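Going down the list, the sequences are from chains A and B. Residue numbering for the first sequence follows the working numbering, beginning at 168 and increasing consecutively. Residue numbering for the second sequence follows the working numbering, beginning at 168 and increasing consecutively. Here's the structure, in structure tokens; my notes come after.
There are 2 protein chains.
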Amino acid sequence: MNIEGIKNIITEGGLKFTHQRMVIYQAIAEAENHPTAERVFEQVKSDNPSISLGTVYKTLDSFVTAGIIQKFVDNKGVMRFDGVLEAHSHLYCKKTNEISDYKNADLESLLKKFFDKNQIEDFEIDEISIVIKGQKL
Amino acid sequence: MNIEGIKNIITEGGLKFTHQRMVIYQAIAEAENHPTAERVFEQVKSDNPSISLGTVYKTLDSFVTAGIIQKFVDNKGVMRFDGVLEAHSHLYCKKTNEISDYKNADLESLLKKFFDKNQIEDFEIDEISIVIKGQKL
DNA sequence: TCTCTAATGAGAATGATTCTTAGGGGGAAA
DNA sequence: TTTCCCCCTAAGAATCATTCTCATTAGAGA
Ligand SMILES: [Mn+2]
Ligand SMILES: [Mn+2]
Ligand SMILES: [Zn+2]
Ligand SMILES: [Zn+2]
């Protein structure tokens, strides 16, 4: 994605455009692997050696609040950031510790149909996510 | 559960029976709410005022390794312990922060059937869990 | 350009969890 | 029963991810 595209996403999220936000968003958008804040920090330091880790945390949090990225907690308890906004599932590899995306529209609609029929009593569902643990072959 | 029952579970897990292990297992077995280690510690201190938090962590970890309890990480990144061993899903309430169990055999078999048909390429599934976020009504 | 406010950098503080170490207890063996 | 050994435990230090504080800076609009 080019600079203008990133700038638009950030400002349309209601955030002031800064150099730090620009490189941090870019790192998330380009990442394939649901990076941690620490990993984003390392990635971004080459372009911006004076950036601080606190800024990375705060910026990622602003992005989540603005709805332009997602976050979740991995099974070690560490925060992971995800530039993919659509609902999708995650594959956890026990061997490599990588987390990869699994998108399947059939699965989404299967679940939607199931929970439409089988309402959970006294509970209103906002979102459903599937965590699949296993290993790459 | 009575003391003999708990003692059997602990020793059949290959662990030496101690007073600390007994009260910690009892706390998990009686808990309805997927307690944190800290919460188990508070619970158990009344019976055993000299117990240490480190012992609670190590004991819970031994139980998990022995396969007599389960653990997972909640969406704040904190470890939760669960005396329920069968596969089941969890409901996260955004209002009360409670985590409750959702067991539905139809859902389990639906998912099993789906992933039997739709194998994920180059990935061998060990376990699937569903996280449902929403709120109690 | 000037001003105002929100963003940033640096580092301290916090919270959950793990590690280290010294002492204690219980069972096997003599 | 006594000894020996190993494992368990208590206490607190250390670690790691994350949040907070506060002084300084830099966008964006006037
Ligand atoms: Mn954590
Ligand atoms: Mn933590
Ligand atoms: Zn993803
Ligand atoms: Zn449960």
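No residue lacks a Cβ here, since even glycine has one placed at the ideal position from N, Cα and C. Keep in mind it's a predicted model, so treat the numbers as computed, not measured.
- prompt: Could you give the distance in angstroms between the alpha-carbon of THR168/A and the alpha-carbon of ALA272/A?
  reply: As written in the sequence, residue 168/A is Met, which differs from the Thr given in the question. C-alpha separation (whole angstroms): 26 Å.
- request: Using three-state DSSP, classify SER276/A as helix, strand or coil.
  value: Looking at SER276/A - three-state DSSP - the assignment turns out to be helix.
Looking only at DSSP bridge pairs, what is TYR259/A linked to?
-> ILE266/A, LYS300/A
- Return the chain-ordered list of same chain residues with a C-beta closer than 6 Å to the C-beta of ILE176/A, the five sequence neighbours on each side being excluded. Counting only residues of its own chain and dropping the five nearest sequence neighbours on each side, ILE176/A has a CB closer than 6 Å to the CB of ILE235.
Checklist entry - Pick out every residue whose C-beta is nearer than 6 Å to a heavy atom of ligand 3: which are they, in chain order? => result Residues flagged by the Cβ proximity filter: HIS201/A, ASP249/A, VAL251/A, HIS255/A, HIS257/A, ASP268/A.
With 16 other Cβ atoms within 10 Å as the buried cut-off, status of ILE191/A: buried
Closest residue to MET112/B among PHE281/B, LYS280/B, GLU209/B, LEU227/B (Cα-Cα distance): Any answer about residue 112/B is impossible in this case: the structure gives chain B only from 168 up to 304.
request  = List the endpoints of the continuous beta strand (DSSP E) containing MET246/B.
outcome  = 246 to 249
Classify PHE184/A as helix, strand or coil using the three-state DSSP reduction. coil
Report buried or exposed for SER256/B, applying the criterion of at least 16 other Cβ atoms within 10 angstroms of its Cβ. buried
* To do: Can you tell me which of LYS243/B, LYS280/B, PHE282/B puts its alpha carbon nearest to the alpha carbon of LYS300/B?
  => When each option's Cα is compared against that of LYS300/B, the closest is LYS243/B.
Residues of the region 228 to 247 of chain B with Cβ closer than 9 Å to any Cβ of chain A, in chain order: Taking 9 Å as the upper bound on Cβ-Cβ separation, chain A lies near residues PHE239, VAL240, ASP241, ASN242, LYS243, GLY244, VAL245, MET246 of the region 228 to 247 of chain B.
With a threshold of 8 Å, are at least 3 pairs of Cβ atoms found where one atom belongs to the region 276 to 289 of chain A and the other to the region 196 to 209 of chain B? Two segments are said to touch when three or more pairs of C-beta atoms, one from each, lie closer than 8 Å; by this definition the region 276 to 289 of chain A does not touch the region 196 to 209 of chain B.
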